[in-house]
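Per this note's numbering, the very first residue in the sequence shown carries number 5; after that it's consecutive. Here the structure is laid out as structure tokens; the discussion comes afterwards.
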Amino acid sequence: MNIIQQATYSDKDVEIQSRESAYQGFVQIEKISLRHRLFNQSKYTTVIQRELIRRKEAAGVLIYNDKQRKFALIEQFRVGAIDDQVSPWQLEIIAGVLDGNESPESCIRRESIEESGCELTQLELLFSFYPSAGACDEIFHLYVAQAELPSEGGVFGMPDEGENIKLHIIQYADLNLLFQSNRLCNAPIIMALQWLQQHVNQLENV
Numbered sequence: 005m006n007i008i009q010q011a012t013y014s015d016k017d018v019e020i021q022s023r024e025s026a027y028q029g030f031v032q033i034e035k036i037s038l039r040h041r042l043f044n045q046s047k048y049t050t051v052i053q054r055e056l057i058r059r060k061e062a063a064g065v066l067i068y069n070d071k072q073r074k075f076a077l078i079e080q081f082r083v084g085a086i087d088d089q090v091s092p093w094q095l096e097i098i099a100g101v102l103d104g105n106e107s108p109e110s111c112i113r114r115e116s117i118e119e120s121g122c123e124l125t126q127l128e129l130l131f132s133f134y135p136s137a138g139a140c141d142e143i144f145h146l147y148v149a150q151a152e153l154p155s156e157g158g159v160f161g162m163p164d165e166g167e168n169i170k171l172h173i174i175q176y177a178d179l180n181l182l183f184q185s186n187r188l189c190n191a192p193i194i195m196a197l198q199w200l201q202q203h204v205n206q207l208e209n210v
């Protein structure tokens, strides 16, 4: 089978020597000692040490409307961007972490109400991916959904969870300006808007 369809090795080619909890908080951190197999060899690496950031699965959605020719994005403070030279307030798609055994679809519908007031029915999965597999085990499920959008944005979120979220309603005509700006700084929004740009192009070519 082609390498594109099947990975060279599996989890059975990793030997975990030890793993211990280093921190428990908003995120969890583990210290792991391991060896893994080398490409084109039967040998393994020497024992290496890694810190693993443990995070719950997350899901996000780009809400759009072809009749209105508009889509929704949100803006909020992010501690990971605290040293960003433009702004720690990041432009994003609506998203959140899964609660317990919650499905990604249920999470998205809940977050959409909390962050935009929009009710979602039909959801389309684009990708499930690791945003930063070099250090974090978080999996992100990226969806798109059509819904009736409000005529203008507003301020949303759950204040008791420290949320203060600004909703932006943006016209399809402004997509190119967004791509030319310095405001697209995270993978989900870039992937979602690239999908939307292709979708809009298809509409215009019908």
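Glycine is no exception: its CB is placed at the ideal position from the N, C-alpha and C atoms.
- The criterion of a C-beta distance shorter than 9 Å is not satisfied by residue 125 and residue 99.
- The shortest C-alpha to C-alpha distance from residue 71 to any of 153, 50 and 97 is the one to 153.
- Annotation: the continuous alpha helix (DSSP H) that includes residue 184 extends over 179-184.
- When DSSP assignments are scanned along the region 112-138, the uninterrupted stretches of beta strand (DSSP E) that are 3 or more residues long and fall wholly within it turn out to be 128-133.
- Boundaries of the beta strand (DSSP E) around residue 26: 18-28.
- When DSSP states are grouped into helix, strand and coil, residue 161 belongs to the coil group.
- With the rule of 3 Cβ pairs closer than 8 Å, the region 129-147 does not count as touching the region 78-88.
- Of the candidates 120, 121, 119 and 145, the residue whose Cα lies closest to the Cα of residue 128 is 145.
- By the C-beta density criterion, residue 95 is buried, having at least 16 other C-beta atoms within 10 angstroms.
- Between residue 149 and residue 111, the gap from beta carbon to beta carbon reaches 9 Å or more.
- Following the DSSP letters along the chain, one finds residue 146 inside the beta strand (DSSP E) bounded by residues 144-150.
- Around the Cβ of residue 65, a 10 Å sphere holds 16 or more other Cβ atoms; the residue is buried.
- With fewer than 16 other Cβ atoms inside 10 Å of its own Cβ, residue 207 counts as exposed.
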